Amino acid sequence: DKAEAELTKLIEKNQPFETKLFGYHQLSNFYPYQGKYRKAMNVFDKIVEFHLQENDTARALVDQLR
7 DKAEAELTKL
17 IEKNQPFETK
27 LFGYHQLSNF
37 YPYQGKYRKA
47 MNVFDKIVEF
57 HLQENDTARA
67 LVDQLR
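Start counting the sequence shown at 7; every next residue gets the next number (the working numbering).
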């Protein structure tokens with residue numbers, strides 16, 4: 007899928023932290039729309055991991071509750 011390919015470019019290893027986080031947030035909205043609920047849950051987990059790496063427990067909690 008073309009949209010998924012564009013969004014996954016945002017989460018490549020060479021991307022800065024904020025770009026990756028933005029990409030993961032976009033994928034977390036995209037996957038449920040496509041019916042890919044398991045992938046969406048994996049993306050949510052990754053978002054929480056990113057926030058915890060930055061010691062931002064408040065945002066980790068908010069994204070975990072989504």
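All residues carry an ideal CB built from backbone N, CA and C; glycine is no exception. These numbers come from a predicted model, not from an experiment.
VAL68 to ASP51 span [Cα, whole Å]: 12 Å
Whole-number beta carbon distance between VAL54 and ALA66, since they are thought to touch under 8 Å: 5 Å
ILE53, enclosing alpha helix (DSSP H) - first and last residue: 43-59
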